[in-house]
Structure formats: C-alpha cells, structure tokens
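Engineer:
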Amino acid sequence: MDTISLLMQGFAVALSPESIMFAVTGAILGTLIGALPGLGPANGVAILIPLAFSLGLSPTSSLILLTSVYAGAMYGGRISSILLNIPGDEPAMMTCLDGYPMAVKGKAAEALAISAIASFIGSFIATIGLVILAPILAKFALKFGPSEYFALFALAFATLGGITGKNQFKTLMAAAIGLMIATVGIDISTGVQRYTFNTLELFEGVDFIIAIVGLFAISELLFFLERHAGDGLKQVAINKLKLSAQDIIKVLPASIRGALLGFVSGVLPGAGASLGSFISYTLEKRTSDKGEFGKGDPRGVAAPEAGNNGAASGALVPMLTLGVPGSGTTAVLLAMLISLNISPGPMLFQQNADLVWGVIAAMFVGNLVLLLLNIPMVGIFVKLLSIPPKYLMPIVTLIASVGIYSVSHSALDLYFMVGFGVAGYIFRKVDIPLVPIILGMLLGPEMEKSLRHALVLSDGDWTVLLNSGLSIGLWLVAILGLVLPILIGPIVRAKMAKSKHVGD
Amino acid sequence: MRVNDRVFGMLMLILAVAYGWQATQFPVPFGGHESVGPETFPIMLSIILGISSIYMMVRPDEDEKWAPAAMLVELTVVVLSMLAFAWAIEPIGFMPAAALVVSFLCWRMGASITKSVITGVVSSVSIFLLFNNVLELALPLGLLEF
Numbered sequence: 038m039d040t041i042s043l044l045m046q047g048f049a050v051a052l053s054p055e056s057i058m059f060a061v062t063g064a065i066l067g068t069l070i071g072a073l074p075g076l077g078p079a080n081g082v083a084i085l086i087p088l089a090f091s092l093g094l095s096p097t098s099s100l101i102l103l104t105s106v107y108a109g110a111m112y113g114g115r116i117s118s119i120l121l122n123i124p125g126d127e128p129a130m131m132t133c134l135d136g137y138p139m140a141v142k143g144k145a146a147e148a149l150a151i152s153a154i155a156s157f158i159g160s161f162i163a164t165i166g167l168v169i170l171a172p173i174l175a176k177f178a179l180k181f182g183p184s185e186y187f188a189l190f191a192l193a194f195a196t197l198g199g200i201t202g203k204n205q206f207k208t209l210m211a212a213a214i215g216l217m218i219a220t221v222g223i224d225i226s227t228g229v230q231r232y233t234f235n236t237l238e239l240f241e242g243v244d245f246i247i248a249i250v251g252l253f254a255i256s257e258l259l260f261f262l263e264r265h266a267g268d269g270l271k272q273v274a275i276n277k278l279k280l281s282a283q284d285i286i287k288v289l290p291a292s293i294r295g296a297l298l299g300f301v302s303g304v305l306p307g308a309g310a311s312l313g314s315f316i317s318y319t320l321e322k323r324t325s326d327k328g329e330f331g332k333g334d335p336r337g338v339a340a341p342e343a344g345n346n347g348a349a350s351g352a353l354v355p356m357l358t359l360g361v362p363g364s365g366t367t368a369v370l371l372a373m374l375i376s377l378n379i380s381p382g383p384m385l386f387q388q389n390a391d392l393v394w395g396v397i398a399a400m401f402v403g404n405l406v407l408l409l410l411n412i413p414m415v416g417i418f419v420k421l422l423s424i425p426p427k428y429l430m431p432i433v434t435l436i437a438s439v440g441i442y443s444v445s446h447s448a449l450d451l452y453f454m455v456g457f458g459v460a461g462y463i464f465r466k467v468d469i470p471l472v473p474i475i476l477g478m479l480l481g482p483e484m485e486k487s488l489r490h491a492l493v494l495s496d497g498d499w500t501v502l503l504n505s506g507l508s509i510g511l512w513l514v515a516i517l518g519l520v521l522p523i524l525i526g527p528i529v530r531a532k533m534a535k536s537k538h539v540g541d
Numbered sequence: 548m549r550v551n552d553r554v555f556g557m558l559m560l561i562l563a564v565a566y567g568w569q570a571t572q573f574p575v576p577f578g579g580h581e582s583v584g585p586e587t588f589p590i591m592l593s594i595i596l597g598i599s600s601i602y603m604m605v606r607p608d609e610d611e612k613w614a615p616a617a618m619l620v621e622l623t624v625v626v627l628s629m630l631a632f633a634w635a636i637e638p639i640g641f642m643p644a645a646a647l648v649v650s651f652l653c654w655r656m657g658a659s660i661t662k663s664v665i666t667g668v669v670s671s672v673s674i675f676l677l678f679n680n681v682l683e684l685a686l687p688l689g690l691l692e693f
C-alpha cells in the first residue's frame, strides 16, 4: 500500500528526537492554554505562530509544534469544564453537563481520567480517518480547475457560519472585510497599487499574523478587563483516582461512537467541533440504557470529549487537502503554512509528502504523549487554574507582543496589532465573527487569482464559473450552506441551549 | 435597543462605497484594459459589503450592552498603554517597557500595586532572558545598554 509506506516515512520524520521534542513541548503548552478559561485553541495557536516563525523553525517542526498545541488545547479544554463548570471554548460546553456533576460528587479524578482517555480515542480514530480520507480527497481535488477553486472558496465562506450560525449576513460581511484587507498591496498580475495610499509599508499588504494576534489575543484582553474576571475561580477539589478496567470498558463504546461522529462533523464544511460534541452527546444519551445523563454519567463525559477531539483532527482534512479550513484554529494553522511559503491543497501531498506525512505521524505520537501526560500529571495543569487571570492575561499579552515584534523587529507592527485588537473588540460587540475575516485575508489572493485565471481563459465570459458539474455542485452546496442555517439554525440552537439548561 | 448594528452598518456602507469608488480609479495597467483587471474583484467585494451593510441597517440585531463610560475610559487607557509600550520598546528598551506595561495592566485588572510590580518585573526579566539567551532572538536593551 502506497499510503502505508508514506506513513512509515512519516514516522521516520516524527520519531526523530527533534520532532518528539516539538511534539512534547507543543502538547504541554497546548494543554496549559486549553486549561485556562478564556484561552481557546485558536488563541493559543495564534499567540505561538509569530514565535515559531521568528525562531526560524523548519516548516515540518513548526507544523508539528502547532498541531500538537492544537491537539493539546482540545485536551486541556476539558479540565476547566470539569473542575470549574466553565468551558474553555464552545466545543467543551457539552463536557460540562456530566463532567461537573461527577466532580461535585467527588469523582473529579475519574472524570478527568475518563475524558483524557476519550480524548485520546477521539483523536486517534480521527487521525486514522485522516490517513485514509486525505489522500483520496487530495487526488480528487487535482481535477479542480480555477473555476472549481473559486466555487470552493465561496463554499468555504458560505458554510463558515456553521449550522448554528446566527446572522448569515454578518458572516458574509466579515468575509468581505477580510477579502478587502487582502486586496491591499501591489496587484501581482498587473503591478497596480491598490489601497496602499503610497505607503511603503503597505506595498506587501497587511501581514495576517499581526491581524490574527490582534483580533484574537488583544481583543480577548480587552474583553477580560471589561468583565473583570479578577480573581481566581473556585474549583472542585480532586480526589484520589480510583478507576477500574471495568469503568474504562463501560465508556469505550461511547468514546468510539463519539470519535466517528466527531470526525465526520469535523470534515464536513460548516459543522465543526461544537456540533461534533453536541451530536455525540445527544446520540449517546438517546441510545444508552437509562443512565444518569446530566447528573454525572461517565459516558456523558466520554462521548462529547471523543467527539470534539475527533472533530479537531477531522477539520485538518479539508485544510490540508483543499487549502480550505473548516474552523478558526485550522484557519490559523493555514496562516502559518502560507507564511512558510507552503500552499496547502492537493499539490501539498505530492510536493511536500514528507511534511504532510511527518505531521500526520506526529499527531499519533503527540496523542500518545498527551495521554501519558494527562493521566499522571493532570494535577500540575490543575494548579494553573488557580492562578488569577489578572496576572496571567497581562503576561499572555506581553508574550503575544514579543512574538509579533520578533518577526520583523518593527514597532510599527505592534501599532497595527493594537489597532486590530481594538477593531476586534468592536467587531465582537456588534457580533461580527472574526474567523471569516482571517479566512478572507488568507484566501483572498488565491480566490482572486482563480477568478481572474478562469475569466482570462474564457475571454471574460462569466458563465465559465459554472462550466462543470463539479463547480455547479460546489455552488449549490455553498448556497445550501448559506440558506440552511436560516431555516434550521434556530432549532439546533434552541436544542443546544435546552440541554445546557438541564445541566445547570 | 437596536442602535449598534445601524451605526456599524452605516459605517460599513460608507466604507463599501469608498472602497468600490477607489477601485474604479485604478490606473489602466500597462498593455491596455483586460476583461478582468485589478478592479474586478474589489468591485465585487464592495457590492457584497454594501448589500450586507444595508441588511444590517434594515434588520438590526438586539444590541450587546456597551460597557459604562468609566469602563470605556479604562479600556482606552489600556489601549494607550499598549501603544506606549510599542513606542517605548526601542528607545527605552524591552525590559523597562515590558515591566511597566505588565505592572500597569495587572494593576488595572485589580491586583495590588506591590503584586503588580513584582509580576511585571519578574515576567519581563524572565521573558527577556528566555528570548535573548535561550531562543536567541535579540530584544532591544535600550537604556540598559552601555
């Protein structure tokens, strides 16, 4: 088998001492970031990108580091869900439902251990799915011409709001803003200056790393300040771990089902990790015998955790094979690849086979590291939760600024970062989602290039955009992605809110 | 109240018009006009932004509460302190600038002055050492350079 031998080569890359070091570092940092309430995986990866970049790490090392941070943050998110009843990010919400009640009942250690095992199963199965599905999809995507690519980008934006998205027009608006920022700079094909106002610094456009850190990290600081989450949070005490093989066997089916559902919703555009953990939880609740769901059933911890970790790995499939990320964090990872001069997409699997398979193999290694790390050492991560955010947030901000400064040693970048932070704060106040903005900045140049390419080939005939069954299909899915949330979004949201209330 | 979306939509509409108009003013590239020039994509974007901002003004969502005026002043001060840090990092140097801004931020987030200063100094010195000596990324010394 071709795939197997490529994967074996990948393991040769992933098992080098250097790669293992990056995977372990990433896993630890990621878990720390995920465990802190308020800092999700997207923030974590955003803060670390400039660092990886200015350290001049090789593409493979940077990507291993950041995917481990991503996986680690997905693991870490469960810690604050279980101990504080505060989800680190949206996908971790469902884990609160049974995790926190378990902790209150004096079974915090069991809940943490079960969730770690379920996270491992979720990621592991989804990574296998990635190995099987990604090369197939990449081969399929080789058939894409410029008009198909243009339709694909449109689809990515249309489905970004997700099924649970609230106001589709705001997603559209955010995407337009991002794409507009991407047009700043010298037009590559004609050399015409666009929106540069003759400022030298703008000739090369606006650096998306600065935008990402500003929009995510700095605006988060401003929000934190406003909410005045000043003091340390009261957490549930941790008991001594008493977990029998039987307990693990009991949650195995739930974990495996959760992993598969999560993977599928990760791969599908627009579904994402939130829906992954939601579906896994509700399905488990429905299929299981009359359990104690909502009151601390271990299966209610295992299913959503496996689901959200499965979705996290699943989301890498469209990102790596098509260059179209399905979630905020994968968008940030894409930014990283682009800034390393690697264009994701079908060609990635041919031109950078070493990199892709090295990273995939590193995900297996990273998950194993995370499992080993999370069971015995969970106490260390828990300690971090007792550090009040009033000390932590300023330090995180400082680290983010240092990272930005180190990329080009220019204070101007820092001004831009603060500017994006303020803009991000205002956007969040009027409910404009940030991820489409980032995605617009990232995909803008490629999207415009494919549009112009397609139109030049057809001599300006716009019907070329619908020239094949494939592109028509993509447009149809895009329209569906835009319309569906308006129809069924309110229903899904109401259901999610209802199950959350039961947990309260 | 549904004011936020109306105001924001209005601003975005102005942006859309200005952006689209600017696109029509691009110089004709060398070699004459093509069917798709540098202005095609921007004009499309300005139309999308225009439509969605009009929608936002016509059917605004419920407002998210803005912070009270005192908090807005507070946030402005914090933003200014970060800009001051950006300005100070080169002439004054990383360590003093970072120590000041971190102490200030901790204090504004509700920590006591002593603890804020300790956090500021310890974090700036350790990050400096980490970056300069372990990661070998030079940060400006500024005043401490002699």
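Going line by line, the protein sequences match chains A and B.
312 is the number that the working numbering gives to position 275 of the first sequence; each next residue is one higher, with no gaps.
624 is the number that the working numbering gives to position 77 of the second sequence; each next residue is one higher, with no gaps.
Think of the CB as a built atom: it goes at the ideal place given N, C-alpha and C, for glycine as much as any other residue.
The alpha helix (DSSP H) spanning A:K332 covers which residue range?
Structural biologist: Unbroken run through A:K332: none, as it is neither H nor E.
Engineer: Roughly how many angstroms separate the alpha carbons of A:P124 and A:N404, rounded to a whole number?
Structural biologist: Approximately 21 Å, taken between the alpha carbons.
Engineer: Can you give me, in chain order, the residues of the stretch 490 to 501 of chain A that have a beta carbon less than 7 Å from any beta carbon in chain B?
Structural biologist: Per Cβ criterion, the list reads L492, V493, D496 and G497.
Engineer: Using beta carbons (cut-off 8 Å, strictly below), is A:Y442 in contact with chain B?
Structural biologist: Chain B, which has a Cβ nearer than 8 Å to the Cβ of A:Y442, makes this yes.
Engineer: With respect to the alpha helix (DSSP H) encompassing B:P643, which residues constitute its N-terminal and C-terminal limits?
Structural biologist: Segment F641 to R655, the alpha helix (DSSP H) holding B:P643.
Engineer: At a CB-CB cut-off below 7 Å, which residues of chain A make contact with B:N680?
Structural biologist: Correct list: empty, because the minimum Cβ distance to chain A is about 14 Å.
Engineer: Go through its chain and collect everything with a Cβ distance to A:L170's Cβ below 6 Å, but skip five positions before and after it.
Structural biologist: Only V354 meet the Cβ criterion.
Engineer: So A:A339 packs on A:I151, CB below 8 Å; how close in whole Å?
Structural biologist: At roughly 6 Å, the Cβ-Cβ gap stays under 8 Å, so A:A339 and A:I151 are in contact.
Engineer: Using the beta-carbon count (16 or more within 10 Å), is A:I58 buried or exposed?
Structural biologist: In the sequence under discussion, the amino acid at residue 58 of chain A is Met, which differs from the Ile named in the question. Answer is exposed; the Cβ neighbour count stays below 16.
Engineer: By the criterion of Cβ-Cβ separation under 7 Å, what are the contact partners of B:T649 in chain A?
Structural biologist: The amino acid occupying residue 649 of chain B in the given sequence is Val; Thr does not appear at that position. In chain order: P431, I432 and L435.
Engineer: Using DSSP bridges, identify the partner residues of A:Q230.
Structural biologist: Paired residue(s): A:I223.
Engineer: Within this structure, are the beta carbons of A:A368 and A:L479 separated by less than 8 Å?
Structural biologist: For A:A368 and A:L479, yes; Cβs fall inside 8 Å.
Engineer: In chain B, which residues lie less than 8 Å from A:D244 when you measure between Cβ atoms?
Structural biologist: Correct list: empty, because the minimum Cβ distance to chain B is about 15 Å.
Engineer: Quick check: is the beta carbon of A:G540 nearer than 8 Å to any beta carbon in chain B?
Structural biologist: Summary for A:G540: the model assigns pLDDT 44, below 50, so the residue's position carries little reliability, and this model does not support an answer.
Engineer: Chain B beta carbons: is any one of them nearer than 8 Å to that of A:K466?
Structural biologist: Yes, A:K466 lies at the interface with chain B (some Cβ there is under 8 Å from its Cβ).
Engineer: Between the Cα of A:K278 and those of A:A110, A:A145, A:S99 and A:A129, spot the shortest distance and give me the residue it belongs to.
Structural biologist: Checking the sequence, you will find Leu at residue 278 of chain A rather than Lys. Ranking A:A110, A:A145, A:S99 and A:A129 by Cα distance to A:L278 puts A:A145 first.
Engineer: Under 8 Å, Cβ to Cβ, is there at least one residue of chain B near A:G267?
Structural biologist: Confidence at A:G267 is low in this model, with a pLDDT of 45, below 50, so the placement of that residue should be treated as unreliable; the coordinate-derived value is given next. For A:G267, the answer is yes, since a Cβ of chain B falls inside 8 Å of its Cβ.
Engineer: Using 8 Å as the limit for Cβ to Cβ distance, is B:M642 near chain A?
Structural biologist: False, the Cβ-Cβ gap to chain A never drops below 8 Å.
Engineer: Anyone know if the C-beta pair for A:A108 and A:M373 falls short of 8 Å?
Structural biologist: The answer is no: Cβ separation not under 8 Å.
Engineer: Using the C-alpha atoms, what's the distance from A:I154 back to A:G331?
Structural biologist: Each residue's Cα considered, the two are about 20 Å apart.
Engineer: Taking contact to mean at least 3 C-beta pairs separated by less than 8 Å, is the stretch 201 to 217 of chain A in contact with the stretch 409 to 421 of chain A?
Structural biologist: Contact between the stretch 201 to 217 of chain A and the stretch 409 to 421 of chain A is absent, because fewer than three Cβ pairs lie under 8 Å.
Engineer: Compare the C-beta of B:V620 with all C-beta atoms of chain A and state if any pair is closer than 8 Å.
Structural biologist: B:V620 does not count as touching chain A.
Engineer: Pick from A:S438, A:Y428 and A:I225: whose alpha carbon is nearest that of B:F675?
Structural biologist: Selected option, being the one with the closest Cα: A:S438.
Engineer: Out of A:L408, A:F453, A:R115 and A:F161, point me to the one whose CA is closest to A:S256's CA.
Structural biologist: Of the candidates A:L408, A:F453, A:R115 and A:F161, the one whose C-alpha sits nearest the C-alpha of A:S256 is A:F453.
Engineer: Quick one: does A:E483 have its CB under 8 Å from some CB of chain B?
Structural biologist: No, A:E483 does not count as interfacial toward chain B.
Engineer: Can you say whether B:E611 is buried or exposed, counting buried as having 16 or more other CB atoms within 10 angstroms of its CB?
Structural biologist: Exposed is the call here.
Engineer: Take the Cβ of B:N551 as the centre, count every other Cβ of all protein chains shown within 10 Å, and call the residue buried at 16 or more, exposed below.
Structural biologist: Classification for B:N551: buried.
Engineer: Counting only beta-carbon atoms, is B:I636 nearer than 8 Å to chain A?
Structural biologist: True, the Cβ-Cβ gap to chain A drops below 8 Å.
Engineer: So that I know if they touch, is there some Cβ in chain A lying closer than 8 Å to that of B:G567?
Structural biologist: For B:G567, the answer is no, since every Cβ of chain A falls outside 8 Å of its Cβ.
Engineer: In whole angstroms, give me the CA-to-CA distance for A:G497 and A:G477.
Structural biologist: When rounded, the distance between both Cα atoms is 24 Å.
Engineer: Quick one: what's got a C-beta closer than 8 Å to A:S184's C-beta in the same chain, skipping five residues either side?
Structural biologist: Once the five neighbours on either side are set aside, the close Cβ partners of A:S184 are S487, A491, V501, L502, L503, N504, S505 and S508.
Engineer: Do A:K427 and B:G657 have their CB atoms nearer than 8 Å?
Structural biologist: Yes.
Engineer: Where does A:T367 sit, in a helix, a strand or coil, going by DSSP?
Structural biologist: If DSSP states are grouped into helix, strand and coil, A:T367 belongs with the helices.
Engineer: Which residues of chain B have a Cβ atom closer than 8 Å to the Cβ of A:K427, listed in chain order?
Structural biologist: Per Cβ cutoff of 8 Å: C653, M656, G657 and A658.
Engineer: Just how far apart, CA to CA, sit A:L357 and A:P381?
Structural biologist: One C-alpha to the other measures close to 5 Å.
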